[in-house]
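First residue of the sequence shown? That's 1492 in this note's numbering, and the numbers climb one at a time after it.
Quick notes on the structure that follows.
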Amino acid sequence: MLQREARIEGFLTEVGWEDAACAPLAGDASFRRYVRLTGDNGARAMLMDAPPPQEDVRPFVTIANRLLLMGLSAPQILATDIDVGLLLLEDFGDATYTQILRNDGDEAALYQLATETLIELHRRFFDLGDIPPYDDTLLLDEAVLLVDWFLPALRGYETPDGLRKEYLGLWRDVLALDCGVPATLVLRDYHVDNLMHLSDRRGVSACGLLDFQDAVIGPSSYDLVSLLEDARRDVPAPLAATCLAQYLAAFPELDPDAFRTSYAILGAQRSAKIVGIFTRLDRRDGKPVYLEHISRVFRWLSGDLEHPALAKLKAWFDREIPLVDRIAPPQQG
């Protein structure tokens, strides 16, 4: 830790921020941390500390630069030490969507702006072949987290191999469905915790984007379902329907039914992944705070499983994890 702090001090000296006041921000579920820097003249910047090998800042730099080229509001990158895992970033302030909504902000306006930002991202995106695909292998690796972590926590024993294979087989069949949804840049964690309202900007530029380092090329439905089926807050069904209609109206060439099928499939996949991740954060990493959200995530999952394309997967869940068990697993003794 002392060596890491020395590297950070050296970096800040090198870029002229050695005398800045440092205020660490609350952490998330990763190894990254953020520190707000305030200079004597009131200037502010954000330090991203992403220590290798657990973290790699290069994807963040790649995606930030692409978003900026598209005219969207990612933080400007002011200085880098790629090998050490340090970035000096533009500070977007404190007006996260989450904070504004907590203070009774205009929920509909914020969600419609976030939807419009996705629309513009999908219109403007250009693929240079430097962003990895969100292929079936990765989607399956994520979906299986539910049976690898939640199911053992619920039952008290490891998931039998045959049951695990059955679950994966059902997901393979679902993911093989060709919904005809175009591929685009998928930010993957597109929800209110990672969106900022930049009041001095207009249009989609007022929506600041964060936490996009895991971006991939995948179905255009993914980030919309990430926004509207938020693991950490309830999104009213009428508002979600309005935003979905807003998105579809922007792309009249899309088949609405096919898009909704893709939306349900990826919503279910994402929820299964999150249930597994939140359980793993408790069991492996000693972070039980995420368990409080599991019931909500299961509600999103249960809703998506009602789509006819997911009928066989729904039957599996009804048999193995009935509604009464779609809650946080028992606390460890």
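Think of the CB as a built atom: it goes at the ideal place given N, C-alpha and C, for glycine as much as any other residue.
Inter-residue spacing [alpha-carbon to alpha-carbon] between residue i and residue j
| i | j | result |
| --- | --- | --- |
| residue 1796 | residue 1808 | 9 Å |
| residue 1662 | residue 1724 | 26 Å |
| residue 1536 | residue 1507 | 12 Å |
| residue 1628 | residue 1635 | 11 Å |
| residue 1638 | residue 1533 | 50 Å |
| residue 1603 | residue 1613 | 15 Å |
| residue 1768 | residue 1640 | 8 Å |
| residue 1788 | residue 1523 | 24 Å |
| residue 1558 | residue 1545 | 24 Å |
| residue 1542 | residue 1794 | 39 Å |
| residue 1760 | residue 1656 | 16 Å |
| residue 1726 | residue 1510 | 43 Å |
| residue 1779 | residue 1722 | 15 Å |
| residue 1585 | residue 1600 | 18 Å |
| residue 1745 | residue 1494 | 53 Å |
| residue 1820 | residue 1590 | 29 Å |
| residue 1689 | residue 1681 | 16 Å |
| residue 1623 | residue 1501 | 33 Å |
| residue 1823 | residue 1648 | 13 Å |
Own chain, CB closer than 7 Å to residue i, minus 5 neighbours either side, in chain order
| i | result |
| --- | --- |
| residue 1513 | 1526, 1528 |
| residue 1753 | 1670, 1672, 1710, 1712 |
| residue 1555 | 1565, 1566, 1568 |
Whether residue i touches residue j by CB criterion (7 Å)
| i | j | result |
| --- | --- | --- |
| residue 1687 | residue 1606 | no |
| residue 1716 | residue 1757 | yes |
| residue 1539 | residue 1578 | yes |
| residue 1704 | residue 1583 | no |
| residue 1433 | residue 1770 | The first residue shown for the chain is 1492 and the last is 1824, placing residue 1433 beyond what the model contains. |
| residue 1608 | residue 1683 | no |
| residue 1610 | residue 1741 | yes |
| residue 1782 | residue 1776 | no |
| residue 1735 | residue 1747 | no |
| residue 1561 | residue 1646 | no |
Beta-carbon separation (whole angstroms), residue i vs residue j, contact threshold 8 Å
| i | j | result |
| --- | --- | --- |
| residue 1666 | residue 1630 | 6 Å |
| residue 1786 | residue 1810 | At roughly 20 Å, the Cβ-Cβ gap does not stay under 8 Å, so residue 1786 and residue 1810 are not in contact. |
| residue 1678 | residue 1706 | 5 Å |
| residue 1675 | residue 1621 | Residue 1675 to residue 1621, Cβ: 15 Å. No contact. |
| residue 1764 | residue 1633 | 4 Å |
Nonlocal neighbours in the same chain, by C-beta distance under 6 Å from residue i, ignoring five residues either side
| i | result |
| --- | --- |
| residue 1720 | 1758, 1791 |
| residue 1749 | 1670, 1671 |
| residue 1498 | 1575 |
| residue 1699 | 1564, 1583, 1687, 1689 |
Other residues of its chain near residue i: CB distance less than 8 Å, five sequence neighbours each side excluded
| i | result |
| --- | --- |
| residue 1668 | 1752, 1756, 1800 |
| residue 1692 | 1564 |
| residue 1592 | 1598, 1601, 1683, 1724 |
Inset, instruction - Check whether the segment 1797-1817 touches the segment 1725-1732, counting contact only when three or more Cβ pairs, one atom from each stretch, lie closer than 8 Å. - result: no
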